[in-house]
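Structure first, commentary second.
Numbering (our numbering), first residue to last: 11 to 269.
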């Protein structure tokens, strides 16, 4: 592999929207493998964690491309309102693009998502099936409604929502949230759905010191669903400890069979 990796920014357009994407790769290989990455709430496709992950994967796998995209209202996206329907549309478009661009099928597609991305991947799987041969979820926000309400929203945000206003919440980029979106999340509790048909194709990692999403809830969900679960000692929600992140990346690569 050459010393410097290639990075390409591009848009995937269709059905009236344009999804902002970033691809990290060594070289484009027809029929190659693709890892689609879903960011957390308020995250950005330029997040350092995904770039670090990509470098580790590509160190030994020249035929792999890592594609990170912005959810609606995230990163460089131009949407003004957040909705699960739009998130599904974005994922649909990126999946279709990957299949055509790499002339590959779902046996060569992998998924990796964190926090809100993990929640939404599960929501998508429960409605349309799992399109990935292997998927890893790191600290998925389960259930997302409670996570947003108790760990992200401030008291002034709740007051604004109660008054019928849209409030700006989140971490890296503020995301517009209204009462309708909270109701949508409450009505779509993924922990109440069945994933056993493809649980062997999923793996969940979660930090034992997660300050945003309690690990115990995720561990219980994984156990009930028969999903392999890996607790990572002393890791927080964002895996800010480099050693904990390196351990997580190694486990993800091993699960993907790319070690």
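Just so you know, even glycine gets a beta-carbon here, dropped at the ideal spot from N, CA and C.
Predicted model only: the values in this text are computed from it and were never measured.
Please report the distance separating the alpha-carbon of residue i from that of residue j.
i           : j           : result
residue 198 : residue 30  : 26 Å
residue 35  : residue 45  : 11 Å
residue 251 : residue 174 : 39 Å
residue 67  : residue 130 : 24 Å
residue 233 : residue 59  : 27 Å
residue 15  : residue 56  : 15 Å
residue 254 : residue 243 : 8 Å
residue 209 : residue 196 : 24 Å
residue 164 : residue 61  : 30 Å
residue 2   : residue 97  : Coverage of the chain is limited to positions 11 through 269, which leaves residue 2 absent and any answer about it impossible.
residue 78  : residue 172 : 34 Å
Going by beta carbon distance, what residues of the same chain come within less than 6 Å of residue i, once the five residues before and after it are set aside?
i           : result
residue 153 : 199, 201
residue 112 : 42, 44
residue 181 : 52
residue 256 : none
residue 161 : 222
Grab me the residues of residue i's own chain with a C-beta within less than 7 Å of its C-beta, minus the 5 sequence neighbours each way, in chain order.
i           : result
residue 220 : 149, 246, 247
residue 261 : 215, 240
residue 144 : 120, 211, 265, 266
residue 166 : none
Considering only their Cβ atoms, is the gap separating residue j from residue i smaller than 9 Å?
i           : j           : result
residue 48  : residue 121 : yes
residue 194 : residue 94  : yes
residue 70  : residue 191 : no
residue 124 : residue 147 : yes
residue 213 : residue 74  : no
residue 205 : residue 99  : no
Query raised in the report: Which parts of the stretch 102-183 are runs of the alpha helix (DSSP H), unbroken and 4 residues or longer, counting only runs that do not cross its ends?
Result: Runs of the alpha helix (DSSP H) inside the stretch 102-183: 126-138, 154-157, 165-172.
Query raised in the report: Would you say the stretch 95-108 touches the stretch 17-32, given that touching needs at least three Cβ pairs under 8 Å?
Result: Short answer: they touch.
Query raised in the report: Is the number of C-beta pairs between the stretch 223-237 and the stretch 65-85 that are closer than 8 Å three or more?
Result: Because the criterion of three Cβ pairs below 8 Å is not met, the stretch 223-237 and the stretch 65-85 do not touch.
Query raised in the report: Taking the runs of the beta strand (DSSP E) that are 3 residues or longer, which of them lie wholly in the stretch 203-236?
Result: Within the stretch 203-236, the complete beta strand (DSSP E) runs of at least 3 residues are 212-217.
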